[in-house]
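S.K.: Here it is, the structure in full.
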Amino acid sequence: MTKRIMVSVAAAAFLTTGATANDALLERFEKMEREMAALKAELNALKNENAKLSSRLSTPDADAPKTTVASSSKLDETLEEMQDQIDDLNKKTNNDNLKWGVDFRTSVDNLRYEMADGTTRKNDALFSNRLWLNMSYAANENISFTGQLAYNKIFGERSMASSSAPFEGFDWVSNESAYNDELRVRSAYFLYTDDEFFGADVPWTFSIGRRPSTEGHLINLRDDVDASSPLAHAINVEFDGMSAKFGTEEIVGLEGSYFKLCAGRGMSNAEPRFAAAPYSGEDALTSNNDMVGIIVVPYDDKQYSTGFQYTYAVNLIDTTTPSSTTMEAVGGLHTATAFAMVNGIGDGISDFLDDTTVFISGAMSRTDPDAGKQGMLGSTDAKTGYSYWIGTQFPSLISEEGRWGIEFNHGSNYWRPITYGEDTMIGSKIAARGDAYEVYFTEPLVDDILSFQLRYTYIDYDYTGSNGFFGSSSGTPTAIGDVSSGTSAVDKAQDIRAYLRYRF
Numbered sequence: 067m068t069k070r071i072m073v074s075v076a077a078a079a080f081l082t083t084g085a086t087a088n089d090a091l092l093e094r095f096e097k098m099e100r101e102m103a104a105l106k107a108e109l110n111a112l113k114n115e116n117a118k119l120s121s122r123l124s125t126p127d128a129d130a131p132k133t134t135v136a137s138s139s140k141l142d143e144t145l146e147e148m149q150d151q152i153d154d155l156n157k158k159t160n161n162d163n164l165k166w167g168v169d170f171r172t173s174v175d176n177l178r179y180e181m182a183d184g185t186t187r188k189n190d191a192l193f194s195n196r197l198w199l200n201m202s203y204a205a206n207e208n209i210s211f212t213g214q215l216a217y218n219k220i221f222g223e224r225s226m227a228s229s230s231a232p233f234e235g236f237d238w239v240s241n242e243s244a245y246n247d248e249l250r251v252r253s254a255y256f257l258y259t260d261d262e263f264f265g266a267d268v269p270w271t272f273s274i275g276r277r278p279s280t281e282g283h284l285i286n287l288r289d290d291v292d293a294s295s296p297l298a299h300a301i302n303v304e305f306d307g308m309s310a311k312f313g314t315e316e317i318v319g320l321e322g323s324y325f326k327l328c329a330g331r332g333m334s335n336a337e338p339r340f341a342a343a344p345y346s347g348e349d350a351l352t353s354n355n356d357m358v359g360i361i362v363v364p365y366d367d368k369q370y371s372t373g374f375q376y377t378y379a380v381n382l383i384d385t386t387t388p389s390s391t392t393m394e395a396v397g398g399l400h401t402a403t404a405f406a407m408v409n410g411i412g413d414g415i416s417d418f419l420d421d422t423t424v425f426i427s428g429a430m431s432r433t434d435p436d437a438g439k440q441g442m443l444g445s446t447d448a449k450t451g452y453s454y455w456i457g458t459q460f461p462s463l464i465s466e467e468g469r470w471g472i473e474f475n476h477g478s479n480y481w482r483p484i485t486y487g488e489d490t491m492i493g494s495k496i497a498a499r500g501d502a503y504e505v506y507f508t509e510p511l512v513d514d515i516l517s518f519q520l521r522y523t524y525i526d527y528d529y530t531g532s533n534g535f536f537g538s539s540s541g542t543p544t545a546i547g548d549v550s551s552g553t554s555a556v557d558k559a560q561d562i563r564a565y566l567r568y569r570f
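For the sequence shown, my numbering assigns the number 67 to the initial residue and increments by one for each residue that follows.
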């Protein structure tokens, strides 16, 4: 009986405390609202008075006292002070802080590989979870911060974890690989925007930090996300760097035109924290892996768009031998990409065509090997590779909001993009030295909050090394028919994926 009384008293005390806290919080907000209303009323009155003074000053009277001008100046200062007070109150009442969003996906992949030696490897049901925690904050109309924390993991403990490849957690793909249960920073950067550039009518932006450089243009259609800056035909990796974008629509007269300058570092030449000379690069085999690039979009009216991209990277890497994990710099790489996209075929021909997207993209890569090193892609001479990519996305014929997508891409023997971060379990389809086919269906289940996707990806390799690095150790193209027995080379690969995705 005593216990019942004590529990009842505790519960009553808890409820009373909670109610008191809620009442106090409500009173606080009501007080803020009253203060804001009073300030706004006073501000409006002062604005009216200021308008009258401004009217009198715009048509000056020779006999008007000089104190009128002084009063107007003082009134302007008062208005600014009151506006600052209102802004402060707005921040408090609107919970002005870091804004969060959630993107959570659970997927199952059916994987199958046909090896060059005739054997088969597979995983019938590979389950994984991917979590993106999106964060943003705008300090004012010019400066904002955006970041994303990420988690990407296969269900449970992985049985082959002890024999996993050493580069699975490599910085370029640390959040794209289904790796472990760590929460990592996928992106974090600040963005400055302005409508004028040193007085010229050129809107521009500047950004620096861990920039979003995965899910770029064209691949974003399949990935069902807004496109990041890069053209994904050549660049799709995580990267630390900076960018500056300049709108040129008013200068050249072409709708939506702009160009963007980018620079970043994919690897820093630095010794460990507790080395004899911490963070020095004296003893490293690699040098700073830097990249510069430019993106030019001559026209984009949201229906018709085209774009170009050029990048050059130095001190790209490969292992010293095929069985080693030690990296060395092997040379540089040029990439160039051009695409055209139509988002809505024709004008009012049919609802189906109005909501259909088609695109075509072409890309090339050219190696620039360092003298005295292992060479690049099996040669000490510069080698050029090429790739083309076509695709379409159109409305579902079996549901109101669903969309189908069909894509095909081909790469030559010396084709080498930097697309290790592509959202796939069987390696980058865009990097394939051969043919890649893909069909997918995306269906919103609950508005834009919960969605489902079914995807089929098939890659038929003509040459090895599609998912290797840039040197001759892992990037040499060997025709599949010439692969020696006992070599672990994939001839054909397929991935059937189904997922449920929650975004809010």
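Yeah, the Cβ is synthetic: ideal placement off N, Cα and C, and Gly gets one too.
On a CA-only basis, which of S431, V396, D413 and T458 is nearest A437? Give me that one, please.
M.R.: Within the sequence shown, residue 437 is the residue found at index 371, counting from 1. Checked all of S431, V396, D413 and T458; the closest Cα to A437 is V396.
S.K.: With C-beta atoms as the reference, is N200 less than 8 Å away from D169?
M.R.: In the sequence shown, counting from the first residue as 1, residue 200 sits at position 134. In the sequence shown, counting from the first residue as 1, residue 169 sits at position 103. In this structure, D169 lies closer than 8 Å to N200 by Cβ.
S.K.: Express the C-alpha separation of I472 and A404 in angstroms, rounding to a whole number.
M.R.: Here residue 404 refers to the residue found at position 338 of the sequence shown. Here residue 472 refers to the residue found at position 406 of the sequence shown. Roughly 20 Å between the two C-alpha positions.
S.K.: Is it buried or exposed, P543, if we count other Cβ atoms within 10 angstroms and call 16 or more buried?
M.R.: Against the sequence shown, residue 543 aligns to sequence position 477. The residue is buried, with at least 16 neighbouring Cβ atoms inside 10 Å.
S.K.: Name the DSSP beta bridge partners of I285, please?
M.R.: Start at 1 with the first residue of the sequence shown, and residue 285 comes out as number 219. I285 pairs with nothing; no bridge assigned.
S.K.: Can you tell me which of the three DSSP states S253 falls into?
M.R.: As a first step, residue 253 must be located in the sequence shown, where it is residue number 187. Three-state DSSP puts S253 in a strand.
S.K.: Please classify P344 as buried or exposed, where buried requires at least 16 other C-beta atoms within 10 Å of its C-beta.
M.R.: Taking the sequence shown and counting its residues from 1, the one referred to as residue 344 is at position 278. The residue in question, P344, is exposed, as its Cβ has fewer than 16 Cβ neighbours within 10 Å.
S.K.: Distance, Cα to Cα, R187 vs S540?
M.R.: By 1-based counting over the sequence shown, the position of residue 187 is 121. By 1-based counting over the sequence shown, the position of residue 540 is 474. Rounded to whole angstroms, R187 to S540 spans 21 Å at the Cα level.
S.K.: Per DSSP, A266 forms a beta bridge with which residues?
M.R.: Start at 1 with the first residue of the sequence shown, and residue 266 comes out as number 200. Note: A266 sits in a beta bridge opposite F263.
S.K.: Considering just the uninterrupted stretch of the alpha helix (DSSP H) at D420, what are its terminal residues?
M.R.: In the sequence shown, counting from the first residue as 1, residue 420 sits at position 354. Where D420 is concerned, the enclosing alpha helix (DSSP H) stretches over D417 to D420.
S.K.: Tell me whether W455 is buried or exposed, calling it buried when 16 or more other Cβ atoms sit within 10 Å of its Cβ.
M.R.: Taking the first residue of the sequence shown as 1, we reach residue 455 at position 389. Buried: at least 16 other Cβ atoms inside 10 Å.
S.K.: Give the straight-line distance between the Cα atoms of P483 and M430, rounded to the nearest whole angstrom.
M.R.: In the sequence shown, the residue the question calls residue 483 occupies position 417. In the sequence shown, the residue the question calls residue 430 occupies position 364. So the two alpha carbons sit approximately 8 Å from each other.
S.K.: If we call anything under 8 Å between Cβ atoms a contact, is V408 one with Q375?
M.R.: Counted from its first residue, the sequence shown places residue 408 at position 342. Counted from its first residue, the sequence shown places residue 375 at position 309. Going by C-beta atoms, V408 is not nearer than 8 Å to Q375.
S.K.: Which whole-angstrom value describes the C-beta separation of I383 and T433, a residue pair presumed to lie in contact below a C-beta threshold of 8 Å?
M.R.: Position 317 of the sequence shown, counted from the first residue, corresponds to residue 383. Position 367 of the sequence shown, counted from the first residue, corresponds to residue 433. The Cβ separation is near 13 Å, so there is no contact.
S.K.: May I have the straight-line CA-CA distance separating D561 from E488, to the nearest angstrom?
M.R.: Taking the first residue of the sequence shown as 1, we reach residue 561 at position 495. Taking the first residue of the sequence shown as 1, we reach residue 488 at position 422. Rounded to whole angstroms, D561 to E488 spans 13 Å at the Cα level.
S.K.: Taking the beta carbon of E262 as the centre, do at least 16 other beta carbons fall within 10 Å, making it buried, or is it exposed?
M.R.: Locating residue 262 in the sequence shown gives position 196, where the first residue counts as 1. Exposed: under 16 other Cβ atoms inside 10 Å.
S.K.: Let me confirm a value: A77 is counted as buried when at least 16 other C-beta atoms fall within 10 Å, else exposed. Which label applies?
M.R.: Here residue 77 is taken as the residue at index 11 of the sequence shown, counted from 1. Confidence in A77 is poor, its pLDDT being 42 and thus under 50, which makes the residue's placement unreliable; the coordinate value appears in the next sentence. Answer is exposed; the Cβ neighbour count stays below 16.
S.K.: From P296, G531 and A310, pick the residue whose C-alpha is nearest to that of R499; which is it?
M.R.: Residue 499 sits at position 433 when you count from the first residue of the sequence shown. Measuring from the Cα of R499, the nearest candidate turns out to be G531.
S.K.: For the putative contact between Y179 and V556, defined by C-beta atoms under 8 Å, what is the C-beta separation to the nearest angstrom?
M.R.: Mapped onto the sequence shown, residue 179 falls at position 113. Mapped onto the sequence shown, residue 556 falls at position 490. That pair is a contact at about 5 Å.
S.K.: Starting from G373, follow its DSSP beta bridges and name the residues at the other end.
M.R.: Along the sequence shown, read from residue 1 onward, the residue named residue 373 stands at position 307. Answer is F405.
S.K.: Of the residues I546, L284, S517 and T422, which one's Cα is nearest the Cα of A564?
M.R.: To locate residue 564, count along the sequence shown from 1; it is residue 498. If we check each option's Cα against that of A564, S517 comes out closest.
S.K.: Quick check for students: name the residue ranges of the beta strand (DSSP E) that lie wholly in the region 295-347, counting only runs of 3 or more.
M.R.: As far as the region 295-347 is concerned, its whole beta strand (DSSP E) runs of at least 3 residues are 305-313 and 324-333.
S.K.: Near N208, what residues of its chain come up, given a Cβ to Cβ distance below 8 Å and the 5 sequence neighbours on each side ignored?
M.R.: Within the sequence shown, residue 208 is the residue found at index 142, counting from 1. Result list for N208: Y258, T259 and D260, in chain order.
S.K.: Determine, using beta carbons only, whether D290 and Q459 come nearer to each other than 8 Å.
M.R.: Reading the sequence shown from its first residue, position 224 is the one you call residue 290. Reading the sequence shown from its first residue, position 393 is the one you call residue 459. Not in contact: D290 and Q459 (Cβ atoms no closer than 8 Å).
S.K.: Using beta-carbon positions only, say whether A300 and W270 come within less than 8 Å of one another.
M.R.: Start at 1 with the first residue of the sequence shown, and residue 300 comes out as number 234. Start at 1 with the first residue of the sequence shown, and residue 270 comes out as number 204. Contact: no.
S.K.: Any idea which residues DSSP pairs S431 with across the strands?
M.R.: Position 365 of the sequence shown, counted from the first residue, corresponds to residue 431. In DSSP, S431 forms a bridge with T401 and G451.
S.K.: Here's a check: name, in chain order, each residue in its chain whose Cβ is nearer than 8 Å to the Cβ of L320, leaving out the five neighbours to either side.
M.R.: Within the sequence shown, the letter at position 254 stands for residue 320. Around L320: T314, P364 and Y365.
S.K.: Within 10 angstroms of its Cβ, does W481 collect 16 or more other Cβ (buried), or is it exposed?
M.R.: Numbered from 1 along the sequence shown, position 415 holds the residue referred to as residue 481. Flag for W481 reads buried.
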